[in-house]
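Visitor: Residue numbers (our numbering), protein chains in the order written: chain Y, 1 to 474; chain P, 1 to 474.
2 protein chains.
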Amino acid sequence: MTPSQFREEGKKMVDWIADYYENIESHPVLSQVKPGEIYNNLPDAAPVKGESVDQMLGDVYKDIFPGLTHWQSPNFFAFFPANGSFPGILGDMLSSGLGVQGMIWATSPACTEVESKVMDWLVDMMQLPQVFKTTSEGGGVIQDSASSSVLTAVIAAREKATGYTSNEEGTHNKLVAYVSTQTHSSVEKAVKIAGIGLNNLRKIECDGNLGMNAKVLQQQIRDDKKKGYIPFFVCATMGSTSSNAMDPLRDIGEICHTENCWLHVDAAMAGTAMLCPEFRYLLDGVDLAHSYCFNPHKWMFTNLDCSCFYVSDKRHLINTFSILPEYLKNKATESGAVIDYRDWHIQLGRRFRALKLWFVIRHYGVEGLQHHIRGHVRLAQEFTQWVSQSDDFELVVQPPLNLVCFRHKAGDDFNMKLMEAANATGKAYFTHTKIKGQVALRVVIGQTNTEEKHVKAVWELIQDTAKALKGQHQ
Amino acid sequence: MTPSQFREEGKKMVDWIADYYENIESHPVLSQVKPGEIYNNLPDAAPVKGESVDQMLGDVYKDIFPGLTHWQSPNFFAFFPANGSFPGILGDMLSSGLGVQGMIWATSPACTEVESKVMDWLVDMMQLPQVFKTTSEGGGVIQDSASSSVLTAVIAAREKATGYTSNEEGTHNKLVAYVSTQTHSSVEKAVKIAGIGLNNLRKIECDGNLGMNAKVLQQQIRDDKKKGYIPFFVCATMGSTSSNAMDPLRDIGEICHTENCWLHVDAAMAGTAMLCPEFRYLLDGVDLAHSYCFNPHKWMFTNLDCSCFYVSDKRHLINTFSILPEYLKNKATESGAVIDYRDWHIQLGRRFRALKLWFVIRHYGVEGLQHHIRGHVRLAQEFTQWVSQSDDFELVVQPPLNLVCFRHKAGDDFNMKLMEAANATGKAYFTHTKIKGQVALRVVIGQTNTEEKHVKAVWELIQDTAKALKGQHQ
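#1: How big is the Cα-Cα spacing for Asn319/P and Pro47/Y?
#2: How long is the line joining the alpha carbons of Lys226/P and Gln219/P, rounded to whole angstroms?
#3: Check whether chain Y comes within 8 Å of Ser108/P, counting only Cβ atoms and requiring the distance to be less than that.
#4: Grab me the residues of His372/Y's own chain with a C-beta within less than 8 Å of its C-beta, minus the 5 sequence neighbours each way, in chain order.
#5: Distance, Cα to Cα, Glu367/P vs Gln463/P?
#6: Compute the beta-carbon to beta-carbon distance between Ser108/P and Leu68/P, rounded to the nearest angstrom, for a pair I have assumed lies under 8 Å.
#7: If we cut at 8 Å on Cβ distances, does Asn303/Y have a partner in chain P?
#8: Can the beta-carbon of Ile486/Y be found less than 8 Å from the beta-carbon of Glu188/P?
#9: From Ala380/Y to Ser185/Y, what does the alpha carbon distance come to, in whole angstroms?
#10: Would you mind reading off the limits of the alpha helix (DSSP H) that contains Gln389/Y?
#11: First and last residue of the alpha helix (DSSP H) that includes Leu151/Y?
#12: Check this for me: beta carbons of Ala354/Y and Glu205/Y, under 8 Å apart or not?
#13: Could you list which residues in chain Y have their beta carbon closer than 7 Å to that of Pro87/P, in chain order?
#14: Under a CB-based cut-off of 8 Å, is Ala82/Y close to chain P?
#15: Measuring CA to CA, which of Glu22/Y, Gln438/Y, Ala18/Y, Asn415/Y is closest to Ala466/Y?
#16: Kindly provide the ranges of any beta strand (DSSP E) runs that are 3 or more residues long and lie completely inside the segment 393-466 of chain P, ordered along the chain.
#17: Cβ closer than 9 Å: which chain Y residues qualify as neighbours of Val100/P?
#18: Which residues in chain Y sit within 7 Å of Arg7/P, going by Cβ to Cβ distance?
#19: Tell me which same chain residues have a C-beta within less than 8 Å of the C-beta of Lys298/P, skipping the five on either side of it?
#20: Mind listing which residues of the segment 130-158 of chain P have their C-beta closer than 8 Å to chain Y's C-betas, in chain order?
#21: When burial is assigned at 16 or more other CB atoms within 10 Å of the CB, is Gly211/P buried or exposed?
#22: Among all the DSSP beta bridges, which residues are the ones paired with His264/P?
#23: Take Tyr164/P and list the residues in its own chain whose beta-carbon comes closer than 6 Å to its own, dropping the five residues that flank it on each side.
#24: Along chain Y, in chain order, which residues have C-beta atoms closer than 7 Å to that of His290/P?
#25: With 8 Å set as the bound, which would you pick, yes or no: does the beta-carbon of Tyr341/Y sit closer than that to a beta-carbon of chain P?
#26: What's the gap between the Cα of Pro477/Y and the Cα of Thr425/Y?
#27: Which first and last residues belong to the alpha helix (DSSP H) in which Ser186/P is found?
#28: Kindly say whether Ala421/P, judged by its beta-carbon, lies nearer than 8 Å to any beta-carbon of chain Y.
#29: Could you pull out every unbroken alpha helix (DSSP H) segment of at least 4 residues lying fully inside the segment 296-321 of chain P, listed in chain order?
#30: Using a Cβ-Cβ distance cut-off of 8 Å, determine whether Val48/P contacts chain Y.
#31: Hey, how far is the Cα of Asp144/Y from the Cα of Ser307/Y?
#32: Roughly how many angstroms lie between the CA atoms of Tyr281/P and Phe321/Y, to the nearest whole one?
#33: Using a Cβ-Cβ cut-off of less than 7 Å, list which residues of the segment 346-360 of chain P approach chain Y; keep chain order.
#34: Find out if the Cβ-Cβ distance for the pair Phe352/P, Gly140/P is shorter than 8 Å.
#35: Do Gly91/Y and Val439/Y have their C-beta atoms within less than 8 Å of each other?
#36: Between Trp71/Y and the rest of its own chain, which residues show a CB-CB distance below 6 Å, the 5 nearest in sequence each way excluded?
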């Protein structure tokens, strides 16, 4: 394909994407295909001769479209969102177009330095600790996911705790990590991957608001030390996946400080709210964190994949992950004057992901971002009021930001049926969790194009579906 | 930004990218900025108010462009390539536009099933073992990088070797992994991350052709077993990063089979050559592999990031990586009829990466892909002849495919100076390695738009630079 053919085909693709967003509400949000349906409709063998872009785009509609769950629909309220935006797509296009591989500074200095700059901007935009800045002892790096971010933290913490000997000698089974019962499953996965072992992961019980009970944490650490274990890592959550619960960062941070544990703060979705000063009370204690992570690809209008991972001391990463084979040696690295981000994460090769973040921040501006985040929180609080005023439904916990957990009073089975029936209409998509042993429905308001009318519509859908189901039962 | 504004801005971006490729040869291939130059030129704070796309694109030229090393230039011969293509960009645009997150089948069935289908196509396109197909005991998954692929393999192998107890109990320091002195550094990194410890990594010596000496491997495994170690993992390389050296897969595979070790085959760049039947003799023994990886983002015209990772028994992945919190439970997963790729790798969230692979394969067709790969290999063999016929230069090893290692006869220092001087002209970019203790220059021919004239030009540049340096020295 020549550049001039790409001009033509690329513009068709832009129109295709614009059309998609103009019509996105006409498709069922949750895909309704059966297992295997998409796979079986595609040809069994790759074409021998090349095919046209028109043919391919036609097949996208025919063969792929029915199998899409539309994450960019304003009627998507499930999980945590992945709220892309047009400026994010533009930045991603530029990254694909330039096609640079920024494994080390020398292989594209801009890929490293724009990332450093944008990560530093975010520190100020959110009043995160200044030590997280590139120009300080710490720094920030874009990872693909919060899972990779927390794994990076666990590994670095493991090495710090063992004087960088596990890298050499392998781990031993005395290291112990701590989460709450509400912490994201990615920490369990990281503890497995890192060779710590799930038997050495303690799930600390929570208070009524589903935040970690710091006193129980303190006691557990003391008990473990008495038994000869080495507590090394605590994950505190700002906004749990299940219910957006907040762990008491300062209390946990002080325990970590005293007990010499690495504190990782997982703020995967809620972290974006730190753009707004009125939510920054949640950051209290984050100055005690060794690492901190939030995902602009969840709530900050930046297309997958973009997870911002900060550390307060970059040496822990470099000491842990650095490897320098001959073919990557170069003067800039040897000078020590540059960052080689490959030493800050698992992967070697890396895309120029900072461009999409740069585009998003510049397009919206700080005030624009604040405006949209506040809008989502306001809509979630309205939804909360409707639930509170309803006779049939009840709130499960008080939502601090944009995630509402509630349920119909008719019990677990009814709530699951209600959710499945509502999602099967294709009009909206929301998911469930279990809180204190009971099913709760989750509505997350964070999709880029979600407006009040969409939130009203999903609430009506939930009420109407409940009434229809009740009618069937009676 | 509305869809109609995106139509306008997106088309500008398409034109920007097309312009970039039309003029790419007018820029120095290797960026010539100093450390900090790009960072310091960017504003210290994010804008408060939003800015226009025109402004942003203008700043890309002004602030970012000087810091780019142009991986998509036909004069890029460094490292392994990252050879994108316009169809790849189109597929990536579509992925950004759809913005789906395919962590589990239910969150976008097409994201999973197109991936399964394309990965199965490639098994047939390259005559890989049928057991790697989704419809068999094995299967394939797209990872972001070969580093992540090999880490996944190491972890799964660790669990297999310990009866899935390390996940629970942590690792112990009796497990031993094996690589050659030429194996990619990502295996060292993975062994560190997995808690195996570098002391438990054996670097087996190589034969004259820089392939692993299987007899030494066999002896080392026996010695380790005698000492009470548990050999669990061997990485065999098809096309080493340093010199494209080939390990004897079948010999190593048979040892792994007898000794009950996991065999991972790293074919990161060279794997793409398996599209052509005449190179498939290199696959001999791959039927003994537990896992196999090649990166279409290196040599198969598929934009970063796209690493194809196959296993012969998917249960090892699922047993190792599966975690199912309440909020991800769903009927499709419970039915067992679908693949949830989050259980096949480290990350939870995942982009729809299969689209770019689907676009590339369909655009080129199998014959088109073969044509381009054969062209690159032919050009590398021509370059090899020129070196052989030169009085001043010598081949370091016989290149099997598209990577030529050679050197000027004037010694290590001279070769390093020659490389730096040639790269500083901006006319081309190539890198170095060390082979048998001596510096070798590496020219890799794999960039999408590299033609004979570019290869001739880099050879002339190298000869002219050598002459000029000799002149200075005399």
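Positions of the beta carbon are idealized from the N, C-alpha and C atoms, including for glycine. Bear in mind that the values here come from a model prediction, so they are computed numbers and not experimental data.
Guide: Once the coordinates are examined:
#1: Computed Cα separation, rounded: 35 Å.
#2: 11 Å
#3: yes
#4: Same-chain partners within the cutoff: Phe301, Tyr364, Thr448.
#5: 35 Å
#6: Contact between Ser108/P and Leu68/P is ruled out by a C-beta separation of about 33 Å, above the 8 Å threshold.
#7: yes
#8: Lying outside 1 to 474, the shown extent of chain Y, residue 486/Y is not represented and no answer is given.
#9: In a straight line, the C-alpha of Ala380/Y is about 25 Å away from that of Ser185/Y.
#10: 354-389
#11: 146-161
#12: no
#13: Met1
#14: yes
#15: Comparing Cα positions, the closest option is Asn415/Y.
#16: Annotation note: the segment 393-466 of chain P contains the following uninterrupted beta strand (DSSP E) runs of length 3 or greater, listed N- to C-terminal: 393-395, 403-408, 431-435, 438-444.
#17: Near Val100/P (Cβ distances below 9 Å), the residues of chain Y are Leu68, Thr69, His70, Trp71, Gln72, Ala82, Leu304.
#18: Residues of chain Y with a Cβ closer than 7 Å to the Cβ of Arg7/P are, in chain order, Val14, Asp15, Ala18.
#19: Phe80, Pro81, Ala82, Asn83, Ala268, Met269, Thr272, Gly446
#20: Residues passing the 8 Å Cβ filter: Thr134, Asp144, Ser145, Ala146, Ser147, Ser148, Leu151, Ile155, Arg158.
#21: Buried is the call here.
#22: Cys235/P, Ser291/P
#23: Asn319
#24: Result: empty, since nearest Cβ-Cβ is about 18 Å, beyond 7 Å.
#25: no
#26: With chain Y covering only 1 through 474, there is no way to say anything about residue 477/Y.
#27: 185-193
#28: no
#29: 296-299, 314-321
#30: Residue contact check for Val48/P against chain Y: a CB pair falls below 8 Å.
#31: 6 Å
#32: Between Tyr281/P and Phe321/Y, the alpha-carbon positions lie close to 36 Å from each other.
#33: Ile346, Gln347, Leu348, Gly349, Arg351, Phe359
#34: With a cutoff of 8 Å on beta-carbon distance, Phe352/P and Gly140/P are scored as not near each other.
#35: no
#36: Ala82
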